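The structure appears right after this line, and notes come after that.
Residue numbers (UniProt numbering): 1 to 209.
Written out as structure tokens, the structure reads:
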């Protein structure tokens with residue numbers, strides 16, 4: 001796996017405490033199904049069995065099998081099954097809400113892994129939000145800091161591109177309407193007020209040659 005994704009074992013500076021037990025629910029059932037799939041797909045049956053047992057133990061500790069989730073997540077990434085990787089950690093996060101005291105180390109890992117799945121699915125806004133969630137938990141994690149800068153730049157660039165495309169469409173539509181009156185959008189200029197930051201629209205009528 002590339003260095004880009006070898007960022008998940010960093011230790012948060014927030015102290016850990018045993019997570020609270022939760023009642024089994026549909027998310028736990030789905031995670032157990034994923035672990036069953038790992039057992040079937042893994043050639044080393046003994047290793048898969050140990051992973052599943054370890055995972056089942058973690059499921060009822062509210063973070064939904066931290067060790068086994070990581071194993072399954074890696075397999076999903078290698079297989080290009082990014083939607084499954086996203087679903088895995090979405091369920092894990094529901095089992096261990098951020099409000100749970102001292103569960104931060106496990107939660108930040110889940111957010112970071114889900115962010116990478118989002119990125120592979122080309123959902124950059126969602127990926128950025130998950131990275132920001134990590135930094136809210138612990139602002140000192142280098143990988144999250146780097147990812148936040150990189151994703152922020154990507155999201156900003158996309159937003160500017162979308163804005164330009166929308167303005168072009170609006171301009172085309174405006175010219176269609178204004179053309180009936182011998183005008184075009186070139187007759188209107190948007191001038192920003194430096195004191196308030198708001199925009200004023202100025203009209204200037206030019207004669208056609």
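Cβ atoms here follow ideal geometry from the backbone N, Cα and C, with glycine treated the same way.
Just so we're clear, the structure is a prediction, and the values are computed from it rather than from any experiment.
- Using three-state DSSP, classify residue 79 as helix, strand or coil. The sequence position of residue 79 within the chain shown is 79, counting from 1. Here residue 79 carries a coil assignment [DSSP, helix/strand/coil].
- Message: Looking only at its chain, what residues have a beta carbon closer than 6 Å to the beta carbon of residue 128, apart from the 5 residues adjacent to it on each side?
- Response: As a first step, residue 128 must be located in the chain shown, where it is residue number 128. The beta carbon of residue 128 sits closer than 6 Å to those of 151 and 155, all from its chain and outside the five residues before and after it, given in chain order.
- Message: Quick check: the Cα distance between residue 113 and residue 171, rounded to an integer number of angstroms?
- Response: In the chain shown, the residue the question calls residue 113 occupies position 113. In the chain shown, the residue the question calls residue 171 occupies position 171. Spanning the two alpha carbons is a distance of roughly 42 Å.
- Query: By DSSP, does residue 152 sit in helix, in strand, or in coil?
  - Reply: Within the chain shown, the letter at position 152 stands for residue 152. DSSP places residue 152 in helix when its eight states are reduced to three.
- Query: Roughly how many angstroms lie between the CA atoms of residue 59 and residue 93, to the nearest whole one?
  - Reply: Within the chain shown, the letter at position 59 stands for residue 59. Within the chain shown, the letter at position 93 stands for residue 93. Because the pLDDT of residue 59 is 40, which lies under 50, any placement of that residue in the model is unreliable, and the number read from its coordinates should be weighed accordingly. Each residue's alpha carbon lies about 11 Å from the other.
- Query: Is it buried or exposed for residue 177, if we count other Cβ within 10 angstroms and need 16 for buried?
  - Reply: Mapped onto the chain shown, residue 177 falls at position 177. A residue is called buried once 16 or more other Cβ atoms fall within 10 Å of its Cβ, and residue 177, having fewer, is exposed.
- From residue 131 to residue 161, what does the alpha carbon distance come to, in whole angstroms? For the purposes of this step, residue 131 is identified with residue 131 of the chain shown, where counting begins at 1. For the purposes of this step, residue 161 is identified with residue 161 of the chain shown, where counting begins at 1. Rounded to whole angstroms, residue 131 to residue 161 spans 23 Å at the Cα level.
- Message: On the DSSP letters alone, give me the boundaries of the alpha helix (DSSP H) that residue 127 sits inside.
- Response: In the chain shown, counting from the first residue as 1, residue 127 sits at position 127. Here the alpha helix (DSSP H) through residue 127 covers 124-137.
- Where the alpha helix (DSSP H) through residue 198 begins and ends: In the chain shown, the residue the question calls residue 198 occupies position 198. That residue, residue 198, is in no alpha helix (DSSP H); it is neither H nor E in DSSP.
- Give the single residue among 89, 111, 169 and 167 whose Cα lies nearest to the Cα of residue 141. In the chain shown, residue 141 corresponds to position 141, counting from 1. Closest by C-alpha distance to residue 141, out of 89, 111, 169 and 167, is 111.
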